[in-house]
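Below is one structure, written out as C-alpha cells; comments come after it.
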Amino acid sequence: VAWLDKIDRRYAWIKRQLVDYEEKYGRMFPQEWCMTERIAVEFCHVTRTELSKIMRTRAKEIEVKLLLFAIQRTTNFEGLLAKRFSGCTLADGTVKKPEVPAPSTNPFLEDETGTDTDEIVIEKSDVDKPKKPKVPDNPFHGIVSKCFEPHLYVYIESQDKNLGELIDRFVADFKAQGPPRPNVDEGGAVLPSCADLFVYYKKCMVQCSQLSTGEPMIALTTIFQKYLREYAWKILSGNLPKTTSSSGGLTITSLLKEKEGSEVAKFTLEELCLICSILSTAEYCLATTQQLEEKLKEKVDASLVERINLTGEMDTFSIVISNSIQLLVQDLDAACDPALTAMSKMQWQNVEHVGDQSPYVTSVILHIKQNVPIIRDNLASTRKYFTQFCIKFANSFIPKFINHLFKCKPISMVGAEQLLLDTHSLKMVLLDLPSIGSQVVRKAPASYTKIVVKGMTRAEMILKVVMAPHEPPVVFVDNYIKLLADCSTDTFQKILDMKGLKRSEQSSMLDLFRQRLPAPPSGAENAGSLSLSAPTPEQESSRIRKLEKLIKKRL
Numbered sequence: 001v002a003w004l005d006k007i008d009r010r011y012a013w014i015k016r017q018l019v020d021y022e023e024k025y026g027r028m029f030p031q032e033w034c035m036t037e038r039i040a041v042e043f044c045h046v047t048r049t050e051l052s053k054i055m056r057t058r059a060k061e062i063e064v065k066l067l068l069f070a071i072q073r074t075t076n077f078e079g080l081l082a083k084r085f086s087g088c089t090l091a092d093g094t095v096k097k098p099e100v101p102a103p104s105t106n107p108f109l110e111d112e113t114g115t116d117t118d119e120i121v122i123e124k125s126d127v128d129k130p131k132k133p134k135v136p137d138n139p140f141h142g143i144v145s146k147c148f149e150p151h152l153y154v155y156i157e158s159q160d161k162n163l164g165e166l167i168d169r170f171v172a173d174f175k176a177q178g179p180p181r182p183n184v185d186e187g188g189a190v191l192p193s194c195a196d197l198f199v200y201y202k203k204c205m206v207q208c209s210q211l212s213t214g215e216p217m218i219a220l221t222t223i224f225q226k227y228l229r230e231y232a233w234k235i236l237s238g239n240l241p242k243t244t245s246s247s248g249g250l251t252i253t254s255l256l257k258e259k260e261g262s263e264v265a266k267f268t269l270e271e272l273c274l275i276c277s278i279l280s281t282a283e284y285c286l287a288t289t290q291q292l293e294e295k296l297k298e299k300v301d302a303s304l305v306e307r308i309n310l311t312g313e314m315d316t317f318s319i320v321i322s323n324s325i326q327l328l329v330q331d332l333d334a335a336c337d338p339a340l341t342a343m344s345k346m347q348w349q350n351v352e353h354v355g356d357q358s359p360y361v362t363s364v365i366l367h368i369k370q371n372v373p374i375i376r377d378n379l380a381s382t383r384k385y386f387t388q389f390c391i392k393f394a395n396s397f398i399p400k401f402i403n404h405l406f407k408c409k410p411i412s413m414v415g416a417e418q419l420l421l422d423t424h425s426l427k428m429v430l431l432d433l434p435s436i437g438s439q440v441v442r443k444a445p446a447s448y449t450k451i452v453v454k455g456m457t458r459a460e461m462i463l464k465v466v467m468a469p470h471e472p473p474v475v476f477v478d479n480y481i482k483l484l485a486d487c488s489t490d491t492f493q494k495i496l497d498m499k500g501l502k503r504s505e506q507s508s509m510l511d512l513f514r515q516r517l518p519a520p521p522s523g524a525e526n527a528g529s530l531s532l533s534a535p536t537p538e539q540e541s542s543r544i545r546k547l548e549k550l551i552k553k554r555l
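The numbers in our numbering rise by one with no breaks, and the one at position 311 of the sequence shown is 311.
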C-alpha cells in the first residue's frame with residue numbers, strides 16, 4: 001500500500017482528514033494560527049521522509065513510468081496546497097522552506113498547452129514583445145517531490161534510450177523513403193526529422209525542469225549533446241553524396257576529353273538538391289541548438305548555468321555546412337576540369353585568327369549554367385551560404401585556370417589574343433555567376449566581385465605580357481614587373497616558356513630579371529611600392545575598352 005503506484009491514496013487520505021478536521025475542530029483555534037496548513041505541512045514532511053526510505057529500499061523496482069506517475073501526482077498535490085494555503089507557516093521553523101526554482105519552471109503556474117508540440121524556435125518579433133510579469137512562486141514546490149530527485153537517473157537513462165531509438169528510426173526512414181524533394185518555392189527543404197528531434201528535446205526539457213532544476217538537468221543536457229552529434233554525423237554527414245569518378249560523365253565534344261573515359265561524373269539533380277537540403281538542415285540545427293542552450297540556461301539553477309555549453313555541437317553543424325559547400329564547389333570545379341585540360345592541350349602557336357570564344361569556354365559556361373541556378377534556388381533561404389559557395393568556387397577555379405594558362409605553350413601572338421578574348425568572356429560570366437539564369441537580376445556581393453576582378457585581371461595581365469615583344473629585353477622585363485608585380489622567378493620562367501623562347505635566351509632574360517628586381521623596401525616604402533604596382537580602376541577600365549576595340553576589329 002505504501003509503494004509508488006498507490007501514492008494517490010496518501011494524498012486522498014490527507015484531503016479527507018483536513019476536511020474532517022475543519023468541520024469538527026476548525027473553529028476551536030484562532031484563524032491566524034493556520035492550524036490546517038500546519039497539519040498539511042507536517043504531513044508533507046513525514047511523507048517525504050517515508051517515500052525516501054521506501055525508494056532507497058526498493059530502488060531496483062523503480063521504472064520510469066512509475067516514477068513519472070508518482071512525481072506528477074505529487075506535484076499536482078503541491079499545486080493544490082499552493083491554491084489552498086499561503087505558505088505562511090513554512091518560514092516560522094515548523095518546517096524548513098525548500099528551495100524554489102525560477103518562476104519559469106513552475107509546472108502549475110505555467111501555461112502548458114502545446115508544450116509537447118511547440119518548437120523552440122523564437123520568432124524575431126517575440127524579442128520586441130513586453131515580457132509577462134513574473135508569476136508568484138509556489139511555496140510548496142518540492143516539499144514532497146524533492147525526495148524523487150536522487151532517482152531521476154531512471155528518467156535520464158530512459159531518455160537516452162528513447163533518443164537512441166529515435167535517431168535509429170530517422171536513419172531507417174531516410175533509407176526507406178529517400179531524401180525529400182526540395183520545394184524551390186520555399187528555398188530548399190529542411191529534413192523533417194530535425195524538427196521532430198527538437199520537438200522531442202523541448203518536451204524532455206520542460207518535463208525534466210518540472211522534476212528538477214539541478215544536476216538532472218545537467219545530465220539531460222549531456223544526453224542532448226550526444227544525440228545532436230549523432231544526428232549531425234548519421235543523418236546529415238552520413239547522407240552527403242560521395243564524390244566519385246566514372247566513365248559515364250557528360251561529353252561536350254571530343255576536344256574536351258583528356259583521354260577516353262576520363263570525364264568526371266557530376267552529381268545528379270537529386271544529389272545537388274540533397275546537398276542543399278542537408279546544408280539548410282544543418283543551418284536550422286545550428287540556430288535551434290543556440291536557442292536550446294539559452295532555454296536550458298533559463299531552466300537550470302543559477303549556480304549550474306556555466307555548465308550548460310553546446311558550443312561543440314554548434315561547431316559540428318558548422319562543419320556539416322562547410323563540407324556541404326565544399327562538395328558543391330568540388331562538383332562544379334571537377335566538371336570544368338576537362339575543359340581546362342582541353343585548353344592547355346590546344347596548339348596555340350598554330351592559331352591563325354581570333355574568332356568567337358573557344359569550345360572550352362562554352363563548356364565551362366554550360367556547367368555553370370547547369371549547376372548554379374539549382375544551387376541558388378535551393379539555398380534561397382540561406383543567401384549567405386550561397387554567397388560562400390560563389391566565393392569558394394571563384395577562389396578554387398581562378399587559380400586553377402591560371403595554372404592551366406601557364407601550360408599553354410608556346411603561344412603565338414594571335415593565340416594569345418584568342419586566349420585574352422576567352423579570359424575576358426570567362427571573367428564576365430564569373431562576375432554574373434551569382435545571378436546567372438535568374439529572372440531577378442541582383443547585384444553580386446562586393447566581396448565576391450573583388451575576388452573575381454583581382455584573379456581574372458591577373459590572368460589578363462599574364463597574357464598581355466606574353467603578347468608584348470621581348471626585344472629589347474630591358475623593356476620587356478620592366479613591363480613584366482610593372483604589370484604583374486610578381487617577383488617570383490618561377491612565374492617569370494613560365495611566361496618565357498609561354499612565349500616559346502629558347503633556353504639560351506631564357507637564361508639571359510632571367511639574369512636581367514634578377515638584376516632589375518627592385519630592392520625589398522621596408523616600412524612605408526613597402527606599402528607605397530605595393531600600391532603603385534596594383535592597377536587602378538581607371539587603368540583597368542581603359543584596358544577593358546582597348547580589349548573590346550581589339551575584339552571588334554578582329555571580328
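By construction, the Cβ of each residue, glycine as well, lies at the ideal position given by its N, Cα and C atoms.
The alpha helix (DSSP H) enclosing residue i, as first and last residue numbers
{"i": "Pro-338", "result": "311-345"}
{"i": "Asp-422", "result": "413-431"}
{"i": "Asn-395", "result": "383-406"}
{"i": "Asn-138", "result": "Run containing Asn-138: none; DSSP gives neither H nor E here."}
{"i": "Trp-13", "result": "7-25"}
{"i": "Val-466", "result": "446-467"}
{"i": "Tyr-499", "result": "The residue asked about is misnamed: residue 499 is Lys in this sequence, not Tyr. Here the alpha helix (DSSP H) through Lys-499 covers 489-499."}
{"i": "Glu-78", "result": "64-84"}
{"i": "Tyr-584", "result": "What is shown of the chain runs 1 to 555, which leaves residue 584 out entirely."}
{"i": "Cys-44", "result": "35-57"}
{"i": "Tyr-231", "result": "No alpha helix (DSSP H) holds Tyr-231; DSSP gives it neither H nor E."}
{"i": "Phe-267", "result": "No alpha helix (DSSP H) holds Phe-267; DSSP gives it neither H nor E."}
{"i": "Asp-160", "result": "153-177"}
Under 8 Å between C-beta atoms of residue i and residue j
{"i": "Ile-436", "j": "Ile-368", "result": "yes"}
{"i": "Ile-325", "j": "Lys-400", "result": "no"}
{"i": "Cys-408", "j": "Met-467", "result": "no"}
{"i": "Lys-297", "j": "Val-305", "result": "yes"}
{"i": "Pro-328", "j": "Ile-375", "result": "Looking at the sequence shown, residue 328 is not Pro but Leu. Yes, the Cβ-Cβ distance between Leu-328 and Ile-375 is below 8 Å."}
{"i": "Leu-197", "j": "Tyr-231", "result": "yes"}
{"i": "Gln-506", "j": "Ser-412", "result": "no"}
{"i": "Lys-209", "j": "Lys-146", "result": "First, the residue type needs correcting, since residue 209 is Ser and not Lys in the sequence shown. No. Outside cutoff."}
{"i": "Tyr-201", "j": "Phe-174", "result": "no"}
{"i": "Leu-463", "j": "Thr-489", "result": "no"}
{"i": "Ala-82", "j": "Phe-140", "result": "yes"}
{"i": "Val-144", "j": "Phe-77", "result": "yes"}
{"i": "Arg-84", "j": "Tyr-11", "result": "no"}
{"i": "Val-351", "j": "Gln-418", "result": "yes"}
{"i": "Lys-234", "j": "Ile-319", "result": "no"}
Cut-off 8 Å between Cβ atoms - residues of its own chain near residue i, not counting five sequence neighbours on either side
{"i": "Asp-331", "result": "Thr-243, Lys-266, Phe-267, Leu-272, Asn-371"}
{"i": "Tyr-153", "result": "Pro-216, Ala-219"}
{"i": "Pro-473", "result": "Ser-508, Met-509, Leu-512"}
{"i": "Ala-394", "result": "Leu-430, Leu-433, Tyr-448, Ile-451, Val-452, Gly-455"}
{"i": "Ile-289", "result": "For the record, residue 289 in the displayed sequence is Thr; it is not Ile. Cβ within range, chain order: Leu-228, Leu-310, Glu-313, Met-314, Phe-317."}
{"i": "His-151", "result": "Met-55, Ala-59, Ile-62, Leu-67"}
{"i": "Gln-31", "result": "none"}
Option nearest residue i by Cα separation, candidates the options
{"i": "Val-64", "options": "His-45, Leu-279, Phe-148, Leu-274", "result": "Phe-148"}
{"i": "Ser-508", "options": "Arg-84, Ala-485, His-470", "result": "His-470"}
{"i": "Ile-556", "options": "His-424, Ile-54, Arg-458, Asp-432", "result": "There is no way to answer for residue 556, as the model of the chain reaches only from 1 to 555."}
{"i": "Leu-80", "options": "Ala-40, Thr-387, Pro-150", "result": "Ala-40"}
{"i": "Val-441", "options": "Glu-293, Asp-432, Tyr-200, Ile-7", "result": "Asp-432"}
{"i": "Arg-38", "options": "Ala-339, Leu-228, Glu-22", "result": "Glu-22"}
{"i": "Ala-195", "options": "Thr-281, Leu-269, Thr-221, Tyr-227", "result": "Thr-281"}
{"i": "Ala-59", "options": "Gln-72, His-45, Leu-4", "result": "Leu-4"}
{"i": "Ala-416", "options": "Gln-31, Glu-460, Glu-42", "result": "Glu-460"}
{"i": "Lys-345", "options": "Leu-517, Pro-359, Lys-234", "result": "Pro-359"}
{"i": "Thr-57", "options": "Gln-31, Leu-18, Ala-2, Ile-275", "result": "Ala-2"}
{"i": "Ile-275", "options": "Gln-347, Val-199, Leu-191", "result": "Leu-191"}
Same chain, Cβ closer than 7 Å to residue i, neighbours up to 5 away in sequence not counted
{"i": "Cys-336", "result": "Val-364, His-367, Phe-397"}
{"i": "Asn-323", "result": "Ser-237, Leu-240"}
{"i": "Lys-560", "result": "There is simply no residue 560 to check, as the chain begins at 1 and stops at 555 in what is shown."}
{"i": "Thr-221", "result": "Leu-296, Ile-308"}
Residues near residue i in its chain [Cβ-Cβ closer than 6 Å; skip 5 each side]
{"i": "Tyr-480", "result": "Val-465"}
{"i": "Cys-204", "result": "Gln-159"}
{"i": "Asp-301", "result": "Thr-213, Gly-214"}
{"i": "Ala-70", "result": "Leu-4, Ile-7"}
{"i": "Gly-500", "result": "Pro-410"}
{"i": "Ser-425", "result": "Gln-357, Val-361"}
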